[in-house]
Amino acid sequence: SATAGAEMAGPGGGPPRLEPFGLVLWRDGSWTHEGHPILNQRLREKFDRSVVYLADENAYVLQIGRFRGLIEVEETGFFVRSVDLETGSIALSDGSVEALDVMSLAASSLDGALLCRIKLSLVPGGLPARFFHSAQADLLAGADDIVVPRDQAFATAGLLGTSPAWLERACEPCGHLSL
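Numbering (the numbering used here), first residue to last: 1 to 179.
Shown next, in the form of structure tokens:
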């Protein structure tokens, strides 16, 4: 009925107001719905690719076709799946690829995992993305003696390997990181 449609519509007849519907994205990249793990790999991958951040509403949503639902996020809505050490690009869980902002690297306050800032054009300061274990290992194996000030919640790491040229260039101008 027209009344039911009007009740579902948001202000000004726009999309309905977002409400949580029991879907949670955990810091390890796993999904649950109303406390039950989502085990179907294809469904999890679809969810990963369908996470969208709505800056105007300061909210993460799952958007699949015309469906849009508010999701609860434990730490980050996006994850770094892989790192290209030759170009300095990172592949994200939503299927996008971005340049790694080296100066945004930080440690998670929850467990020390590596985080960076992404989608810098979407919101001032960007959004956090958490490195999956393999991507973090690849990045750290490719860096040589990265030093970050303690006030940035990251410690000195003496690591094996040589530093990729893009990382050295990224660190030269400001002096916050030294290789």
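Each residue gets a CB set at the ideal place from its N, CA and C atoms; glycine is no exception.
query	result
Integer Cβ distance of F47 from W26, believed to fall under 8 Å	Wrong, their Cβ atoms sit about 12 Å apart, outside the cutoff.
Alpha-carbon to alpha-carbon, V24 and I64	16 Å
Environment of E86 [buried if 16+ CB atoms lie within 10 Å]	exposed
Alpha-carbon spacing of L43 relative to R49, whole angstroms	10 Å
Cβ pair L100, E19 closer than 9 Å	no
Among V80, H33, V51 and F21, the one whose alpha carbon lies nearest that of A137	V80
Close beta carbons around G126, own chain, < 8 Å, minus the five adjacent residues each side	D101, S104, R117, I118, K119 and L120
Same chain only: Cβ atoms within 7 Å of Y60, ignoring 5 sequence neighbours per side	V51, Y53, I71, V73 and G77
Spatial distance of A141 from R17 (CA atoms)	45 Å
As assigned by DSSP and simplified to three states, the class of D101	coil
Identified DSSP bridge partners for F47	None; F47 has no bridge partner.
Unbroken beta strand (DSSP E) run spanning L110, endpoints	Counting along the chain, L110 falls outside any beta strand (DSSP E), and DSSP gives it neither H nor E.
A91 beta carbon less than 9 Å from that of V97	yes
Beta-carbon separation (whole angstroms), A135 vs L115, contact threshold 8 Å	At roughly 12 Å, the Cβ-Cβ gap does not stay under 8 Å, so A135 and L115 are not in contact.
Local Cβ density within 10 Å of L62, reported as buried at 16 or more and exposed below that	buried
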